[in-house]
Every structure is written in structure tokens, then in C-alpha cells.
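In full-length UniProt numbering, the protein residues as written are 1 to 538.
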């Protein structure tokens, strides 16, 4: 009987133990499930997916779309390989070759501008090609800094294109980017909404607004002519960047992506003015990077407009040029500053030259998951580590970079602004730092040195500091420490050159700007185009 009772108590004890374990297990399971659910909610709020055919784009926050989202997929070109096409320079043909890899050994020229490829004869030839192109571009610069090159009575003719090639594209702004209303960035003739905190002349201008800004300004330019026979330059106001952008996140065929560009070329081919010189005296302004118009056979990203045979003769002005194409010319990204008068520029110059720059170094950006992002991660680590507050990191993966004034205020308070490559080699942030009097620190020559021959000097030491990204990637240099070794005198000399010599020519003035002492980025561009056209006519 005692044994039987003992067994019953033992069974009861085991049941109670199992019951307690079951309750604890259920409790922990629910907690785990709740934590997992919270993680999913966080990921859902931080990421977005867009389906394009059989491609899944994972999207996250980036300054490339004014701190909205950037989408990664097998089709995107974060760091495109550089391909040398068949180009005629001085009647010699350069054959197509591919340049890939990493390294920076070789000639003095390559040591000065290291390209991330192992040194070999192909790389040396590639650099020579780029230098030849830049030399040609600089030969087109106008020496006349006061008057536009139309004193001969010949000027720029603006095509009155059917509205589907420009105005109708602006009308589709609300449907271009799935997660935001893009219309607020293309309002006010491309300037966007005013930024009252920064004062007069400041707007929330999107980096893809160049087409609208240029079109509006050329319509009011004194060298505009209304008779085709009085023209030496023909401007085609096609908003190709908006055309590309509207299809980026939609499931459409390549035929649809290329359709409007092909229609435009058919329209141009019917014009006598195009037939006369096969487009050699025509200019396009495209508000996105060259790669978005050079779709390859192995990628569905972008359009093929600039790969078409009939598009090889005209000049193409872009915020980022393809370095192997002679007729691609880089002009500055639009910044947030659009001065209306000389005094607007002078007041801003005085403000930033006197600014208390409490940060030695700053970086506004976010980490990425590609090779160049490794540089960013190292930069962020070096900036965030113990350095006596010398470096300030503004994390653009959060909402901190949503407001342009946050970026400008950071740069105005910094001596040096780090500018590693992002979604592509160039960065709008380079121009934001320059107009803030902050010395840009570049890690890739394609970010600026091979891009903007009309607006930046050949001697890059005057306005920037260069650090080889290979050295940074291999942890052979501490960026913050190296910048700290640059003397105050050197910094002041560079800053004065940036503020007084470069700044006016890097901003696009107000649409009704009355600038007499200065030439803005648009004036420099249009004068050089007209000067080139005059040489072409001779």
C-alpha cells in the first residue's frame, strides 16, 4: 500500500513538473514569436520590395532619391565596369576593351590618379584616352567671362518639341517613385520648395532636376534665337532622365523603356536642321547619370538612348559622364542654392568664409553592401571611433538627412567633407560641400577629376584632397589622422579658392537671376557650348 501511494505521488510530481515546463515553454514561445513579429515590422518599415518581371528589387533609404529609397537588384550598376568603345580621336580609332579589377601601380600619371585596376597596358591606355577627352573639352572653353558667345548674331535655337517629350513627363511625377510624391521636387521649374531656414535663394532641389532647370534658363537666355537660320547651336529639351525614372520601378519591356527616345529621334530626323549636320550641332541635357542611358544586353536596367548610333554626334550634358565617350560632358549636380543676384552670392561667401568650423572632418552618408561600401564602413569606423570629436558622422540611413538644411549646416561647420563613391562614382554631396566651403576628400578620380572640365580646374589640389581608396580599404591610412596633418594655412588657401573662385560657377542661379559680377554653372555651360559651336562653324 505504501509502495502504491509512493508511486502515485511520484506520477503526480512528474505531471506537475511537466505542466510547469509546458507553461514556461508556451510563455517563451509567445515571447519569441512577439520578438520575431517586431523584427518583421521593423524590416517592413525599413525596406521595400519592388517586382520588375522576374527581378526583385530590395529598396532602402538613400540620399540619391532625396533620402527616400534606393533599390538593389541584379540589374543595377552600383559600380559599373568601364568599357572603352570605338571612338575616333584625331582620326585614330580606339578599339573596345574592358578595364576591371583593383590596384594602382604604374606611371606617374596613374600614381596621381589611381584607378582601381591592376596596372597594365590597357589601364595606361585608358587613362590616356580620358586625358585626351578632357583636353578636348577644355579646348572648347570660352575665354570671354563677361559676354555670351553670340556677338556674331548666331545663337541657340530651342526646339518646340511635342509635349510628350517634356511637359507630359513632368505631369507623371506623382507616379514615378512608388514610395513618394516626386512632384514636390520638380515644382518651381525644377527648384522645388523653398527652404526658409537657410534664407533666400535656397530650395529643396532634387539632383535629377537638371533638365527642367536648364530648359527654363535657356528659354530666357539673351543668345536664344527664334529663327533656325540664325542658330549655330540647337538645344533639344527632351527630359530623358524623367523618362528613364518613370520606368525604373515598373514591370515593362525594353521596348517600352526605349520607345519615347526612338520617337524623338524619328522626329528629329524629319527636321532639316538635324539633317544638315547629322546632329553635330545639337545638344541634349540629361538629368541622370550616363549609365542609366546605356543599357547592356545582359541587364534590363535603364534605356539605350546613348548607345544608339544616331545619338553619337550630339553633345550630351550629364551630371555624370561616361569617361570613354568624347561627347559626354559632365556639368555640376544641381545644389540647393539658386542665387538671384551678385549680392546673394557675396553674402553667402562672407558667411561661410567666417564660419566657425568646429569639426575637422564630417561624413554624411550610410554604409552599403558592395566593394566601395567597405571603404564607407572603414570611414564610418574611423570617424566614429575615439578621435577627440574631430569627426562628425551624420547617418543617412536614418531620417537625419531628410532635411537639406541638416546637410548644409554640417558642411558649413566642417573643414573637410568625406566623399566616397556611392550608387555611382559621382556624388551630389561633392557640390554641396564645395558651396559650403568644406574641402571635399575624394577617393576615386572618377568622382570629380574626370567629370567636370568646364567647372573644376585641372589642378585638383587647389580644391580637394585625394586619398587612394585601395589604401583605405587595406587599412594603410587613417583618414581623420591624415587630414589632421594638413596645416591651417593650407586649409585656408584651399577654402578661399573654393569660396571665391569656384563657388559662383557651381550653382545654378535663379530663373530670373541678374548676375553681373559672376557666371553661374549655367552661364559657363552655355557660353562654352556656343564657343564650341563657333569653332565648329569655322
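Ideal Cβ placement from N, Cα and C applies to all residues, glycine included.
For residue i, the three-state DSSP class (helix, strand or coil)
i, result
"residue 202", "strand"
"residue 453", "coil"
"residue 224", "strand"
"residue 217", "helix"
"residue 517", "coil"
"residue 330", "strand"
"residue 259", "helix"
"residue 135", "helix"
"residue 249", "coil"
"residue 446", "helix"
"residue 177", "coil"
"residue 528", "helix"
"residue 293", "helix"
"residue 355", "coil"
"residue 341", "strand"
"residue 376", "helix"
"residue 183", "helix"
"residue 401", "helix"
"residue 504", "helix"
C-beta atoms of residue i and residue j nearer than 8 Å
i, j, result
"residue 548", "residue 238", "Outside the displayed range of the chain (1 to 538) lies residue 548, so it cannot be described from this structure."
"residue 326", "residue 133", "yes"
"residue 378", "residue 363", "no"
"residue 452", "residue 130", "no"
"residue 334", "residue 210", "yes"
"residue 216", "residue 528", "no"
"residue 460", "residue 498", "no"
"residue 405", "residue 359", "no"
"residue 465", "residue 441", "yes"
"residue 275", "residue 303", "no"
"residue 337", "residue 407", "no"
"residue 244", "residue 156", "no"
"residue 225", "residue 282", "no"
"residue 393", "residue 421", "no"
"residue 390", "residue 279", "no"
"residue 417", "residue 401", "no"
Beta-carbon proximity list for residue i, same chain, < 7 Å, skipping 5 on both sides
i, result
"residue 273", "228, 234"
"residue 525", "317, 331, 454"
"residue 532", "140"
"residue 516", "342"
"residue 154", "230, 231, 232"
In DSSP terms, what residue i is bridged to
i, result
"residue 191", "Partner(s): none; residue 191 has no beta bridge."
"residue 439", "416"
"residue 392", "362"
"residue 233", "156"
"residue 276", "DSSP lists no partner for residue 276."
"residue 316", "284, 328"
"residue 465", "441"
Neighbourhood of residue i by C-beta, 8 Å cutoff - its chain only, sequence neighbours within 5 removed
i, result
"residue 476", "none"
"residue 340", "200, 201, 509, 510, 512, 513, 514"
"residue 534", "149, 152, 154, 232"
Exposure of residue i, with buried meaning 16 or more beta-carbon neighbours within 10 Å
i, result
"residue 193", "exposed"
"residue 350", "exposed"
"residue 571", "In the structure as shown, the chain starts at 1 and stops at 538, and residue 571 therefore has no counterpart that could be examined."
"residue 429", "buried"
"residue 541", "What the structure shows of the chain is the stretch from 1 to 538, and residue 541 is not part of that stretch, so it cannot be assessed."
"residue 559", "The shown model of the chain, from 1 to 538, leaves out residue 559, and the question about it has no answer."
"residue 469", "buried"
"residue 297", "exposed"
"residue 411", "buried"
Beta-carbon proximity list for residue i, same chain, < 6 Å, skipping 5 on both sides
i, result
"residue 264", "165, 238"
"residue 345", "339, 504, 518"
"residue 185", "192, 206"
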